[in-house]
Amino acid sequence: MDVNILRLKAEVRSVADDRAFVNMVTWADTKHCGSGCSWLSPPSNDPDIQSGRYSTTQDHDHSKSQKKTWHRVTFEHPYAAPPKVVVWLDSINSGPGHNVRVTAWADGVTSDGFTIHLDTWHDSNLWSAGATWLAHSAWRTDVRSGTFGIEDVRPSSAHRPKNHGRVSWGAPEMARPPRVFTALRMLDFRDGKFIRLSMNTSEVTTTGMTWHMDSWEDTIFYQAGAVFVAFNDEQ
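Each residue of the sequence shown is one higher than the one before, starting from 770 at the first, in the numbering used here.
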């Protein structure tokens, strides 16, 4: 992404058997130089994988900045044991005048549900934010999920434009190199500069992957975090 003020939303307008239409939307006086997103299509015949979406606007109006928003999510189909849950950002409106700080996360995971959180901190504003979540049974070896971030390789005070690290899928090793979906879950950028960030992966193997998070030009990039979901498709 490359914007001066972080007001950005990824939205799926329509889905067909062979295609989907996805928009990257900004509004107000945001200068939108560029943005992109990843898309994930979970297997429709796999009831173990459940997903959904939550927005702060379901709790309060976007005219009110709020530091912390949480909501209890109930699974449509309860699990036999607490599942793995990952949460990522799909829309943010932090407005101008303060550092961009936003995070999406989950806790209180049980077999019936979990609590989703959309927060900011210090003096930052968060007028609205939305997040998508995905859950799957923790025992599965064909699906792996988790988090990674800049804090894995450096402290926020040692900001630098190019960052990379390695994620392990854990044991046992996957049967073959998986398909991998990644998405942002946390951002911490200095105000007054364009917010520029690109994320990609490389060296995807049966044991893990390498992630890359980079900024450019005069952007001051303290922290960012992301989630991953890795699938071994049927063959």
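For each residue, glycine too, the CB sits at the ideal point set by N, CA and C. Treat the numbers as computed from the prediction; the structure is a model and nothing was measured.
Query                                                                                                                                                                   : Result
Can you list, in chain order, the residues of its chain with a C-beta nearer than 7 Å to that of I861? Leave out the 5 residues immediately preceding and following it. : L775, L777, V871, A898
Going by DSSP, what residues sit across from T979 in a beta bridge?                                                                                                     : R935, S971
Could you tell me the alpha carbon to alpha carbon distance between Q1004 and P946, rounded to whole angstroms?                                                         : Reliability of the predicted coordinates at Q1004 is poor, the pLDDT of 44 falling under 50, and the value obtained from them is presented with this limitation in mind. Cα-Cα distance, rounded: 13 Å.
Taking 9 Å as the threshold (C-beta atoms), are A900 and V869 in contact?                                                                                               : no
Look up D787 in the DSSP assignment and give the residues it is bridged to.                                                                                             : DSSP output for D787 lists no bridge partner at all.
Which residue wins for smallest C-alpha separation from V936, given the options W796, R954, R913?                                                                       : R913
Is DSSP giving Q819 helix, strand or coil here?                                                                                                                         : strand
Can you tell me which of T975, H928, R923 puts its alpha carbon nearest to the alpha carbon of A944?                                                                    : T975
Assuming K800 is part of the beta strand (DSSP E), what are its boundary residues?                                                                                      : Segment: none, K800 is in no beta strand (DSSP E) and carries neither H nor E.
Within the chosen definition, does the region 844-858 reach the region 874-889 through at least 3 CB pairs nearer than 8 Å?                                             : yes
Using 8 Å as the threshold, is the region 795-815 in touch with the region 824-842, meaning 3 or more CB pairs across them?                                             : no
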